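K.L.:
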Amino acid sequence: MARFDYDLFVIGGGSGGVRAARMAAQAGARVALAEEWRMGGTCVIRGCIPKKLFVYASQFRENILDSKGYGWDFGDCTFDWPTLIANKDREIARLEWLYTANVEKAGVTIFQDRAVFDDEHTLLLLNEGRKVTAEKILIATGNRPTREMGTSHVIPGGDLCITSDEAFHLERLPRRVLIAGGGYIALEFAHIFHGLGSDVSLVYRGEKPLRGFDNCLRDALLESMQSRGIEVLLGCEFTKVEKRGVSLHAETNKGAVIECDQIMLAIGRQPNTMALHVEKAGVELGKRGEVRVDEYSRTTNPHIHAVGDVTDRVQLTPVAIHEAMCFVETAFKDNPTRPDHVHVASAVFTTPEIATVGLSEEMALLKGHSIDVFKSSFRPLLHTLGGRPVRTLMKLVVDAKTDKVLGCHIFGDHASEIIQIVAVTLRMGATKKDFDRTIALHPTAAEELVTMRTKSYSRSP
Ligand code: NDP
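Count along the sequence shown from 1, add 845, and you get the number used in the numbering used here.
#1: Thinking just about the alpha-carbon of each residue, which of His1228, Arg1017, Val1086 and Phe956 is nearest to the one in Asn1098?
#2: Given that a residue counts as buried once 16 or more other Cβ atoms are within 10 Å of its Cβ, and exposed if not, what is Gln1071?
#3: Does the pairing of the stretch 1129-1147 with the stretch 1055-1065 give three or more beta-carbon distances under 8 Å?
#4: Note down the Cα distance separating Gly1274 from Gln957, rounded to an integer number of angstroms.
#5: Is it right to say Asp1157 is buried, meaning 16 or more other beta carbons lie within 10 angstroms of its own, or is it exposed?
#6: Give the secondary structure of Asn988 by DSSP, where H, G and I count as helix, E and B as strand, and everything else as coil.
#7: Which parts of the stretch 1154-1214 are runs of the beta strand (DSSP E), unbroken and 3 residues or longer, counting only runs that do not cross its ends?
#8: Out of Glu993, Gln1107 and Tyr1302, state which residue places its alpha-carbon closest to the alpha-carbon of Ile1007.
#9: Indicate the three-state DSSP secondary structure (helix, strand or coil) for Arg975 in the structure shown.
#10: So what's Asn1091 in DSSP terms, helix, strand or just coil?
#11: Tell me the residue span of the alpha helix (DSSP H) that contains Ser903.
#12: Give the C-beta separation of Val1218 and Ser1301 to the nearest angstrom, bearing in mind that I take them to be a contact with Cβ-Cβ under 8 Å.
#13: Going by beta-carbon coordinates alone, are Gly1257 and Leu1238 separated by less than 8 Å?
#14: From Val948 to Ile955, what does the alpha carbon distance come to, in whole angstroms?
#15: Beta strand (DSSP E) containing Cys1105: first to last residue?
#16: Could you give the distance in angstroms between the alpha-carbon of His1094 and the alpha-carbon of Phe919?
#17: Taking the continuous beta strand (DSSP E) assigned at Asp1064, which residues delimit it?
#18: Going by other Cβ atoms of all chains shown within 10 Å of its Cβ, with 16 needed for buried, is Ser1092 buried or exposed?
#19: If you follow the alpha helix (DSSP H) that Arg939 is part of, which residue opens it and which one closes it?
#20: How should Ala1268 be labelled, buried or exposed, when 16 other C-beta atoms within 10 angstroms of its C-beta is the threshold for buried?
#21: Exposed or buried, what is Thr1196 when buried is set at 16 or more other beta-carbons lying within 10 Å of its beta-carbon?
#22: So Ile810 and Leu1015 are in contact, right, with Cβ under 8 Å, and what is the actual spacing, rounded?
#23: Looking only at its chain, what residues have a beta carbon closer than 7 Å to the beta carbon of Gln1115, apart from the 5 residues adjacent to it on each side?
#24: Taking 8 Å as the cut-off, does the stretch 920-936 touch the stretch 1045-1054 (at least 3 CB pairs, one atom from each stretch)?
#25: For Pro1234, list the residues DSSP reports as bridge partners.
#26: Using only the alpha-carbon positions, how far apart do Leu1241 and Gly952 sit?
#27: Measure the alpha-carbon distance for Glu1307 versus Gly1127 and round it to whole angstroms.
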């Protein structure tokens, strides 16, 4: 008789957990997975997928307006928020069903329950009130939006604010929205609400949004937001939120009071390790509550691993999936495999998009590279007749000694679709010469990446 109920118990049914459970089961392991809410996790249920549907929804108005230059006239256009929500919910329910079906098909037992540690091999299922044991355990519980602002406290009235979780289920589209933060979620939702017709103000504590991204992208995005009519308040934080009548009033550190209908906090996310009782299993947490792991995603207890957002490494769905696959190779296929976090492309789905892979100009210098920078800023062909005063920016950061392309940064339509393939070239060690001898595909925006012959400038650390 087996010593444990399962060979692997996965806590969390998001991107990382689901992939690990399925692959381990396919490798012959007896696997169970506990998900306390809906299968699919942040990405499917309240993140990437519904967000991208919202992004699409937010871009129709602009496209229809711009089509006038091409001879189209659609008359009066109206938008119905409840239709968007209902259709989005139907698609998310379909994906959730697919996730569940695929996991079950692989032979994994799913518990719709909250699992917490009882000891290093035992989990307590809180709803069922029973214990299960497993030889190996994978923590894949993800993270959640934080509400702690300023000096790590919830501001007075903070409970009147929503986060991205609630933004997917609002009863009506707010007329005036205030968004706090300057990262991925704040910027994406600022453009979503703006595109759908809300008045949007972004309140960010820094000097310009998207800290850590290449400065040229940050400047281009800030200028674009301002020219679109999204108000950006920099060096600014809320100190208090109050409800007065039907509106909300946010007081800022600059003494201003901003009236609006909805306030959204997008000020980062915190790992879901609260009340998981990892201490009973000898699993240590880091300062932000993240599960501490080594390069093989092993926690401080060698038979307990963790993948995805709960480890606070790179918070991206494909990275969680990659970590999960490496975990299965390591723990079930006798093939120790470290996740590789180099050259991970990412995109911020603003309008237009930001997409980036490799080193920013600033990071390349910090890492000691002497660099040549190639930049191109141009008006996309689409907008010549459309009349919208937008510009696309493309930038290559090249190592001056080796000619290797260290980073590629794009602000423009379809940037995310372009950067995926650029990531392949960087992974293969492409040089600027490789870009130069690639024949352009005309007329596209992407052709600029292979036709930037003259360097814009050089810099040394
Ligand atoms: P980010 O880390 O991207 O941004 C958090 C923002 O909140 C930063 O601008 C930060 O400012 C600000 N902030 C942090 N703490 C405070 C505070 N106490 N008071 C005021 N402002 C504060 O987090 P997000 O929540 O936007 O997204 C989480 C992660 O999820 C992202 O990092 C990304 O990895 C992933 N994600 C990816 C998406 C995609 O691939 N398109 C989409 C959405 C999320 P500062 O810069 O000054 O620190």
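The beta carbon of each residue, even a glycine, is placed where N, CA and C say it ideally should be.
This structure is a prediction, so every number in the text was calculated from the model and none was measured.
P.N.:
Let's see:
#1: Val1086
#2: exposed
#3: no
#4: 45 Å
#5: buried
#6: strand
#7: 1191-1193 and 1198-1203
#8: Gln1107
#9: strand
#10: Checking the displayed sequence, the identity of residue 1091 turns out to be Val instead of Asn. Residue state, collapsed to three classes: coil.
#11: Cys893 to Asp911
#12: 5 Å
#13: yes
#14: 8 Å
#15: Val1102 to Cys1105
#16: 38 Å
#17: Element bounds for Asp1064: not the beta strand (DSSP E) but the alpha helix (DSSP H), Asn1060 to Arg1073.
#18: exposed
#19: Trp926 to Lys950
#20: buried
#21: buried
#22: Residue 810 lies beyond the residue range present for the chain, which begins at 846 and ends at 1306; the question has no answer from this structure.
#23: Asn988, Arg989, Thr991, Arg1133 and Gly1134
#24: no
#25: For Pro1234, which the question treats as bridged, DSSP gives no partner whatsoever.
#26: 47 Å
#27: A query on residue 1307 cannot be resolved here, the shown segment of the chain reaching from 846 to 1306 and no further.
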